[in-house]
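These notes concern the structure reproduced below.
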């Protein structure tokens, strides 16, 4: 197979979060295969007043081998012209554009429109209809979608959503690959020691930025179930709050579960992710809405059982009663699954099954599917 030259447009190191982690991992897979790959990232991603967290950046070492150009200003149209000119000069076989938020549509859609007409443009669409809707979302998304030649979604539900914006046949669904950027699995005892947690306790994990749609309140209500309290199960909440934290601390107090909650409400750096996942008996994602989630793929990478709610694409990724549980958003049903997990000692069985199930989520499979889609595009 001839080597390809690929440019990926989207956040990359030192930007933090799931989209940046994905782009870094995708570029690494191209590099490992022998392709030429360049990441075109941002000098400015979000203006400070639009960013709900403490910082958009993470510390640590840059990924080895990756060529990252931090050039894009998301709010400067003159910059978009310059970026498109630089990409055209690279003469890539195709350009991969990450689309996860309508706010980025003017920037990304304009850059795509200014590329040489011979260059194929693929959009990897995390969402086309955002979890938290705002005026202008549909207009912005339509503008972006019209600038691309092909679409790859990470969940079947997003593929369906795309039909509202385009009738192209150049689209496909490939599940989110497993993250391979957080290191190797470590023994649970070591992970607990690294976090200073009691090895005698039972630990569940709720991981990632806290936003309304992620349903932490549902998980907290499940933790308030008298059966959960009686078993002394603890919930680790690991991630920065993008919502008002007091809403959750008040709920914890009202439910009388403070002693069952371990709050780690700072951003979790990449080199500590394995400690949180490897210390947990099960990973919980009690989302209210979802398309797909990188958290499930991190759980797979560390062979961790999962509990997810039946929304979006989560049930596609987590076979019920095989690698974990798929429940409704009812806190009692969530609690029922947790009780079943511990009462019937499901951890080892589910963990063994995740190590088998995750084989269908390889990066090699992902970019081969991506290549196949782009090879089919006629320009």
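In this note's numbering, the protein residues as written are 2 to 380. Glycine included, C-beta positions come from ideal geometry on N, C-alpha and C. Note that the coordinates shown come from a computational prediction; the quantities given were computed from them, not determined experimentally.
Notebook entry, point to check: Is residue 174 helix, strand or coil when you go by DSSP?
Noted result: strand
Notebook entry, point to check: Can we say the stretch 345 to 365 touches the stretch 95 to 103, given the rule of at least three CB pairs closer than 8 Å?
Noted result: no
Note to self: Could you give the first and the last residue of the continuous alpha helix (DSSP H) run that contains residue 232?
What the structure shows: It spans 227 to 232 - the alpha helix (DSSP H) in which residue 232 sits, taken as one unbroken run.
Checklist line | residue 193 in three-state terms, based on DSSP | finding: helix
Next item on the list: Spatial neighbours of residue 195 within its chain, please: CB distance less than 7 Å, with the 5 preceding and 5 following residues excluded, ordered by chain position.
Entry: The residues are 276.
Checklist line | Cβ neighbours of residue 166 in the same chain (closer than 7 Å, five flanking residues each side left out) | finding: 129, 142, 143 and 146
Next item on the list: Please go through the stretch 120 to 183 and give each complete beta strand (DSSP E) segment of 3 or more residues, from N-terminal end onward.
Entry: 121 to 126, 151 to 154 and 172 to 174
Margin query: Assess contact between the stretch 9 to 16 and the stretch 33 to 46, defined as three or more Cβ pairs (one per stretch) separated by less than 8 Å. Is contact present?
Written below: yes
Check: For residue 82, which option in 109, 103 and 172 has the closest C-alpha, if you only look at C-alpha atoms?
Finding: When the alpha-carbon of residue 82 is set against those of 109, 103 and 172, the nearest one is in 109.
Check: For the putative contact between residue 268 and residue 299, defined by C-beta atoms under 8 Å, what is the C-beta separation to the nearest angstrom?
Finding: No, residue 268 and residue 299 are not in contact; Cβ-Cβ is about 15 Å, not under 8 Å.
Checklist line | Between the CA atoms of residue 201 and residue 126 - distance to the nearest angstrom | finding: 42 Å
Notebook entry, point to check: So, helix, strand or coil for residue 327, using DSSP?
Noted result: Three-state result, residue 327: strand.
Note to self: When you compare the stretch 323 to 337 with the stretch 217 to 225, are there three or more beta-carbon pairs, one atom per stretch, that lie closer than 8 Å?
What the structure shows: Contact holds: three or more Cβ-Cβ distances are below 8 Å.
Note to self: Nearest by alpha-carbon distance to residue 384: which of 119, 262 and 204 is it?
What the structure shows: Residue 384 lies beyond the stretch modelled for the chain, which goes from 2 to 380, so this question has no answer here.
Margin query: What does the Cβ neighbour count give for residue 188, buried or exposed, with the cut at 16 atoms within 10 Å?
Written below: exposed
Notebook entry, point to check: Looking only at its own chain, which residues have a Cβ that is under 8 Å from the Cβ of residue 218, when we skip the five neighbours before and after it?
Noted result: 248, 249 and 252
Note to self: For residue 363, would you say it is in contact with chain B, using Cβ-to-Cβ distances shorter than 7 Å as the test?
What the structure shows: Included in the structure is just one protein chain, with no chain B present.
Check: If you follow the alpha helix (DSSP H) that residue 220 is part of, which residue opens it and which one closes it?
Finding: 217 to 224
Item checked: N- and C-terminal bounds of the beta strand (DSSP E) containing residue 258 -> From DSSP, residue 258 is part of no beta strand (DSSP E); its letter is neither H nor E.
Checklist line | DSSP beta-bridge partners of residue 98 | finding: 10 and 124
Notebook entry, point to check: How about residue 148 and residue 113: are their beta carbons less than 7 Å apart?
Noted result: yes
Next item on the list: Assign residue 117 to one of two classes, buried (16 or more other C-beta atoms within 10 Å of its C-beta) or exposed (fewer than that).
Entry: exposed
Item checked: Supposed close pair residue 183, residue 274 - CB separation, criterion 8 Å -> 4 Å
Next item on the list: May I ask which residues mark the beginning and end of the beta strand (DSSP E) holding residue 385?
Entry: Coverage of the chain is limited to positions 2 through 380, which leaves residue 385 absent and any answer about it impossible.
Check: Of the choices 236, 311 and 324, whose alpha-carbon is the least far from that of residue 198?
Finding: 236
Notebook entry, point to check: Is the Cβ-Cβ distance between residue 71 and residue 111 less than 7 Å?
Noted result: No, the Cβ-Cβ distance between residue 71 and residue 111 is not below 7 Å.
Check: Cα separation between residue 376 and residue 15?
Finding: 32 Å
Checklist line | Member of 214, 291, 27 and 85 whose CA lies at the smallest distance from the CA of residue 158 | finding: 291
Notebook entry, point to check: Helix, strand or coil for residue 69 per DSSP?
Noted result: strand
Notebook entry, point to check: When the distance is taken between beta carbons, is residue 338 closer than 7 Å to residue 374?
Noted result: no
Next item on the list: Leaving out five residues on either side along the sequence, give the residues of the same chain with a beta carbon under 6 Å from the beta carbon of residue 168.
Entry: none
Notebook entry, point to check: DSSP puts residue 74 in a beta bridge; with which residues?
Noted result: 45
Check: Cα separation between residue 261 and residue 207?
Finding: 13 Å
Checklist line | Residue interval of the alpha helix (DSSP H) (run including residue 109) | finding: 106 to 114
Notebook entry, point to check: According to DSSP, which residues form a beta bridge with residue 208?
Noted result: 239
Notebook entry, point to check: Among 67, 17 and 122, which has the Cα closest to the Cα of residue 371?
Noted result: Closest option to residue 371, Cα to Cα, is 122.
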